[in-house]
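Heads up: the sequence shown begins at 3 in this note's numbering, then just goes up one per residue.
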Amino acid sequence: MNPLRKFKNWYKDAKNEYTFDHTAFNLSTSYKNKPYSRMVLLKKILPDGFVFFTNIKSNKGKHFKSNNFLSMCFYWENLKKQIRIVGKGIVCDEKDSDDYFSTRIRGSQIGAWASKQSSEIENRSYLLKKFNQYSKKFKNKQVPRPKYWVGIKITPIEYEFWEGGEFRIHKREFYYLKNKIWQKKILSP
Ligand SMILES: Cc1cc2nc3c(=O)[nH]c(=O)nc-3n(C[C@H](O)[C@H](O)[C@H](O)COP(=O)(O)O)c2cc1C
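Printed below as a string of structure tokens:
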């Protein structure tokens, strides 16, 4: 089976079965030989990749600019399933980011202006002050997308599907590309 089709099947099951946000995944970047992980939300599944949105001036954006290999990891406890994907990221077209930004609720759009993600702030009231300033600035206007707020598309080069089994006899399927064709290996749990 094509691993993207398998991903979509598991993702659909997670949406139906899961009581929490099935779109959340752990994103790992690497910077100066150190790994960094944090949660983000999957917003689009395209034939050639997975898209999340972020502030490109954040720490993860800085990491991505120096090394565009990224790793994603989903875990859906109810299903006892994990999917790890390793891939290469690229910044999405401006229009794709504009389109998605326009679907966000107004408060989140203003929040994207107010927060210089990952930069140090004195206190939370500074952030609220910024939020109020931008609320006034965009009053009765459509909130434009800040140029630094972008989609990143991760095109997979490897997938691993893990399924919990009895007595730790879990199932692991590893997919990798050979001459642009997906190959599958079964791994010991
Ligand atoms: C469940 C969850 C979902 C999140 N989704 C996003 C997201 O889609 N985009 C994002 O930039 N940050 C998201 N965050 C915040 C990130 O985990 C992280 O704190 C932030 O992006 C700054 O990370 P950085 O300093 O490594 O760049 C989310 C956090 C949680 C807990």
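Beta carbons: idealized from backbone N, C-alpha and C, even for Gly.
Let me know if P191 comes out buried or exposed under the rule of 16 or more other beta-carbons within 10 Å of its beta-carbon. Position 189 of the sequence shown, counted from the start, is the residue given in the question as residue 191. The residue is exposed, with fewer than 16 neighbouring Cβ atoms inside 10 Å.
Roughly how many whole angstroms lie between the Cα atoms of V53 and K17? Sequence index remark: in the sequence shown, residue 53 carries index 51 (1-based). Sequence index remark: in the sequence shown, residue 17 carries index 15 (1-based). CA-to-CA, the gap between V53 and K17 works out to about 17 Å.
According to DSSP, is S73 part of a helix, a strand, or is it coil? As a first step, residue 73 is located in the sequence shown; it is residue number 71 there, counting from the start. Strand, per DSSP.
According to DSSP, L29 sits in a beta bridge with which residue or residues? To locate residue 29, count along the sequence shown from 1; it is residue 27. Looking at the DSSP output, L29 shares a beta bridge with R40 and M74.
Compute every distance between the C-beta of M41 and the non-hydrogen atoms of ligand 1, then say whether any falls below 7 Å. Looking up residue 41 in the sequence shown gives position 39. At least one heavy atom of ligand 1 sits closer than 7 Å to the Cβ of M41.
According to DSSP, is K62 part of a helix, a strand, or is it coil? Working through the sequence shown from its first residue, we reach residue 62 at position 60. Under the three-state reduction of DSSP output, K62 falls in the helix class.
Could you give the distance in angstroms between the alpha-carbon of Y161 and the alpha-carbon of F22? The residue labelled residue 161 in the question sits at position 159 within the sequence shown. The residue labelled residue 22 in the question sits at position 20 within the sequence shown. So the two alpha carbons sit approximately 23 Å from each other.
With H, G and I counted as helix, E and B as strand and the rest as coil, what does DSSP make of Y177? The residue labelled residue 177 in the question sits at position 175 within the sequence shown. In the structure shown, Y177 sits in a strand (DSSP, three-state: E or B).
Three-way DSSP call (helix, strand, coil) for Y13 in this model: The sequence position of residue 13 within the sequence shown is 11, counting from 1. In this structure, Y13 counts as helix in the three-state DSSP scheme.
Here's a check: name, in chain order, each residue in its chain whose Cβ is nearer than 6 Å to the Cβ of K155, leaving out the five neighbours to either side. For the purposes of this step, residue 155 is taken as residue 153 along the sequence shown, with counting starting at 1. Contacts found: G51, V53, I92 and C94.
Leaving out the 5 sequence neighbours to the left and right, which residues in its chain are closer than 7 Å to H172 when beta-carbon positions are compared? Within the sequence shown, numbered from 1, the residue matching residue 172 stands at position 170. Within the same chain, W164, E165, G166 and P191 come within 7 Å of H172 by CB-CB distance, once the 5 residues on both sides are set aside.
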